[in-house]
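Going by my numbering, the sequence shown runs without a break in its numbering and finishes at 416.
Positions of the beta carbon are idealized from the N, C-alpha and C atoms, including for glycine.
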Amino acid sequence: MSIVAAVMPAPRMPVELREFAEPALEPGSVLLRTQFSEVCGTDVHVWHGRLAGVPYPIIPGHVSVGAAAKVHGDVRAVDGTRVAEGDTLAFFDVHRTCGRCRACTVTRTPTRCDARRVYGITDSASEGLFGGWSQAIYLEPGVTIARLPRSVPPETYISGGCGLITAVHAIERAGIDLGDTVLVQGTGAVGLSAIALAKLAGASQVIAFGAPADRLALASAMGADVAVDIQRTTAADRAAAVADATAGLGVDVAIEAAGSARAVEEALPLVRDGGRYVIAGHYTDAGESTINVHQHINRKHLDIRGCWGSEVAHFVRAIRVLERHHDAIPWRRIGARTYPLSAVNEALADAEAMRLPKALVQPN
Ligand SMILES: [Zn+2]
Ligand SMILES: [Zn+2]
53 MSIVAAVMPA PRMPVELREF AEPALEPGSV LLRTQFSEVC GTDVHVWHGR
103 LAGVPYPIIP GHVSVGAAAK VHGDVRAVDG TRVAEGDTLA FFDVHRTCGR
153 CRACTVTRTP TRCDARRVYG ITDSASEGLF GGWSQAIYLE PGVTIARLPR
203 SVPPETYISG GCGLITAVHA IERAGIDLGD TVLVQGTGAV GLSAIALAKL
253 AGASQVIAFG APADRLALAS AMGADVAVDI QRTTAADRAA AVADATAGLG
303 VDVAIEAAGS ARAVEEALPL VRDGGRYVIA GHYTDAGEST INVHQHINRK
353 HLDIRGCWGS EVAHFVRAIR VLERHHDAIP WRRIGARTYP LSAVNEALAD
403 AEAMRLPKAL VQPN
């Protein structure tokens, strides 16, 4: 049996369909029949050649969901239950985190482990089916697997996708207290999920900065109390909107999910003294930001936190949040359009042009 996958041969080259032989399964591995994968901002960066360490050719698609077609041996999900053929499974895209290096053990920053690999990004197509834009995905031994709750449609899980998992991490870094006011910069997949999660975490007021109009409508549906169109306002207008919403105090917490160096410059004066700023949107180098350290960090007593990648806990928490809230919060609307494998170049072009918050890929 051959398996069709979409391969990105090199940066800026069209993605092409190739046939792969079905892999021989090692003990402890699973062959997943892909139901959905996604096209996210990272895939666009990878296609532009702006991410270091990508071993082209690759099969893109880092977060995916599917059904276990074949299971070799005793494979356990993260809750300890045995995985069986036919189970609907999600898996954590980060694998081979070593658990022994300095990052893993001393500084406890496992997302900075050098051995860490990511499906669809740092695994080469020459090694096998390590990406979601494929009819099947090889879940090698040791990959963290979770059974998708029956109540959560796979389309909903993937519409949240990597943006939701990243947002869970950003919210953890944000340390939101009950009643906090929160600014979210960016209404892409990460920002939209961060809005909903900030509300669930106890924020009394969430202000979203983004564009275009349909994303702002979705931001409001996700829970934003104030949604400001960055294409129709000046920085002064937006500062006034924050002052209005916070009685002139500034927000307690701001979360950057915009990927813009200017966004960082804009946010610092909008956070209250002693507040927190989490930067989650600069997954590639967006250039220099110019800030006045005295005014905006030192005197302000500001806490600025980076947020790189995600850990198993964020993946598991994302699924728990979806299980409880997928009906009330419209994650499904983020995955605005579904493309077959034969149309992945169109999906990539639509994601690049930001015509939709997220494109879904349905390989079978
Ligand atoms: Zn390590
Ligand atoms: Zn992603």
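Per-residue burial, residue i [other beta carbons within 10 Å of its own, 16 or more giving buried]
| i | result |
| --- | --- |
| T342 | exposed |
| L69 | exposed |
| R152 | exposed |
| D126 | exposed |
| M60 | buried |
| Q347 | exposed |
| A403 | buried |
| L181 | buried |
| C150 | exposed |
| R372 | exposed |
| H100 | exposed |
| L230 | exposed |
| R202 | exposed |
| E71 | exposed |
| V345 | exposed |
| R328 | buried |
| A299 | exposed |
| P79 | exposed |
| P107 | exposed |
| T286 | exposed |
| S81 | buried |
| D145 | buried |
| V204 | buried |
| V135 | buried |
Nonlocal neighbours in the same chain, by C-beta distance under 7 Å from residue i, ignoring five residues either side
| i | result |
| --- | --- |
| D325 | K352, H353 |
| L77 | L83, K122, H124 |
| M274 | L244, I247, A248, I381, P382 |
| A388 | L408, P409, K410 |
| W185 | A57, A58, S89, I111, P112, G113, L393, V396, V413, P415 |
| A219 | V242, S245, A246, L249 |
| L322 | L235, A291, V294, G302, V303, A306 |
| G105 | T174 |
| Y190 | P75, S81, L83, G180, L181, F182 |
Bridge-paired residues (DSSP) for residue i
| i | result |
| --- | --- |
| K122 | L83 |
| Y391 | V413 |
| D145 | Note: D145 sits in no beta bridge, so no partner. |
| I189 | L84 |
| M60 | I110 |
| A271 | Answer is none; A271 lacks a bridge partner. |
| Q257 | T233 |
| S203 | Answer by DSSP bridge pairing: none, since S203 is not bridged. |
| G262 | D281 |
| T140 | A119 |
| I197 | F143 |
| I55 | F72 |
| E375 | None; E375 has no bridge partner. |
| E90 | L412 |
| V170 | V146 |
| R407 | Answer is none; R407 lacks a bridge partner. |
| R22 | The structure shown does not extend to residue 22, since the chain is modelled only from 53 to 416, so the question has no answer here. |
| R128 | R134 |
Terminal residues of the beta strand (DSSP E) in which residue i lies
| i | result |
| --- | --- |
| T233 | 233-237 |
| V330 | 323-331 |
| A279 | 278-281 |
| I356 | 355-358 |
| A306 | 303-308 |
Own chain partners of residue i with C-beta closer than 8 Å, once the 5 adjacent residues on each side are dropped
| i | result |
| --- | --- |
| Q187 | I55, V56, A57, R85, T86, L393, P415, N416 |
| I217 | V115, S362, H366, F367, A370 |
| E317 | S341, T342, I343 |
| E74 | M53, S54, I55, L83, A188 |
Run of the alpha helix (DSSP H) containing residue i, from where it starts to where it stops
| i | result |
| --- | --- |
| L400 | 396-404 |
| A73 | Taken as a continuous stretch (DSSP letters only), A73 belongs to no alpha helix (DSSP H), being part of the beta strand (DSSP E) at 68-73. |
| E179 | E179 -> no alpha helix (DSSP H), and no H or E assigned at all. |
| G227 | Unbroken run through G227: none, as it is neither H nor E. |
| H97 | 93-99 |
| V316 | 313-319 |
| C156 | 154-157 |
| K352 | No alpha helix (DSSP H) holds K352; DSSP gives it neither H nor E. |
| D289 | 287-297 |
| A241 | 241-252 |
Neighbourhood of residue i by C-beta, 6 Å cutoff - its chain only, sequence neighbours within 5 removed
| i | result |
| --- | --- |
| A279 | A260, L268, A271, S272 |
| A206 | A small correction: the amino acid at residue 206 is Pro; Ala does not occupy that position in the sequence shown. Counting only Cβ-Cβ distances below 6 Å, and skipping sequence neighbours, we find Q87, F88, V117. |
| I356 | Y329 |
| A276 | I247, V258, A260 |
| T163 | W360, G361 |
| I386 | S211, A241, L244, P409, K410 |
| A253 | I223, I228 |
| A263 | D281, I282, Q283 |
How about the region 305-314 and the region 329-348: do they share at least three Cβ pairs that are nearer than 8 Å?
-> Segment contact: the region 305-314 against the region 329-348, three or more CB-CB distances shorter than 8 Å; contact assigned.
Are there three or more Cβ pairs, one per stretch, closer than 8 Å when the region 219-237 is compared with the region 383-402?
-> With a cut-off of 8 Å on Cβ pairs, the region 219-237 is not in contact with the region 383-402, counting fewer than three such pairs.
Check whether the region 193-200 touches the region 355-369, counting contact only when three or more Cβ pairs, one atom from each stretch, lie closer than 8 Å.
-> Touching, per the Cβ criterion.
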